[in-house]
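Asks: The sequence shown begins at 1 in the working numbering and counts up one residue at a time.
Yeah, the Cβ is synthetic: ideal placement off N, Cα and C, and Gly gets one too.
Model, not experiment: these values are computed from the prediction.
My questions all concern the structure below.
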Amino acid sequence: MSEDERNLEKILVELNAYEQQAQILQRRIDLINTSLQEIALTSESLDELKNIEEENEVLMPLGSGIYVKARIIERKKVIFSLGADIVADKDITGAQLSLDQRSMALQNALQSTGQQLQQMANRMNELNRTAQALASKIKR
Numbered sequence: 001m002s003e004d005e006r007n008l009e010k011i012l013v014e015l016n017a018y019e020q021q022a023q024i025l026q027r028r029i030d031l032i033n034t035s036l037q038e039i040a041l042t043s044e045s046l047d048e049l050k051n052i053e054e055e056n057e058v059l060m061p062l063g064s065g066i067y068v069k070a071r072i073i074e075r076k077k078v079i080f081s082l083g084a085d086i087v088a089d090k091d092i093t094g095a096q097l098s099l100d101q102r103s104m105a106l107q108n109a110l111q112s113t114g115q116q117l118q119q120m121a122n123r124m125n126e127l128n129r130t131a132q133a134l135a136s137k138i139k140r
């Protein structure tokens, strides 16, 4: 095997590793976007909660398109997950502020992950050009 062939093989292995990493980063971006959408929907729901009278009946989503009828017994406070199975009572404004903070952190993560993906794509383009040049050289 010539040195050019060894170099081409090395580049192809590196490209494969970058492709796998790029797929992981893209999945991370998709998850972040899903979380951001969920936060936006939750914030809208909190806005709507402000206008609902106590003891009114609402449909509460359980997931997978399944709802249960529920009565609002406290509309000024919500139970907010702090993480690690820890929750706290918060007023709606406080909950929305916490959601805004989470959203900002996710947007920063999205930007950072997008930059990483772009850098990886640039490197993959460089490697592809080098691999094509080596493959052409080997064919001669």
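#1: Do LYS50 and the ligand FMN come close, with the Cβ less than 6 Å from some heavy atom?
#2: In the DSSP assignment, find the unbroken alpha helix (DSSP H) run with SER81 in it and report its ends.
#3: May I ask which residues mark the beginning and end of the beta strand (DSSP E) holding GLY63?
#4: Could you tell me whether the Cβ atoms of ALA105 and LEU8 are closer together than 7 Å?
#5: Please determine if the segment 23 to 40 and the segment 121 to 129 are in contact, where contact requires at least 3 C-beta pairs separated by less than 8 Å.
#6: State the beta-bridge partners of VAL68 as determined by DSSP.
#7: Give the DSSP-derived three-state secondary structure of ILE73 in the structure shown.
#8: ASP89: which of ASN125, ASN51, LYS76 sits nearest, CA to CA?
Replies: According to the data block:
#1: Summarising the ligand content, the structure contains no ligands, and the ligand FMN is consequently not present.
#2: First-last for SER81: 77 to 83, but that is the beta strand (DSSP E), not the alpha helix (DSSP H).
#3: Where GLY63 is concerned, the enclosing beta strand (DSSP E) stretches over 57 to 63.
#4: no
#5: no
#6: MET60
#7: coil
#8: It is LYS76 whose Cα lies nearest to the Cα of ASP89.
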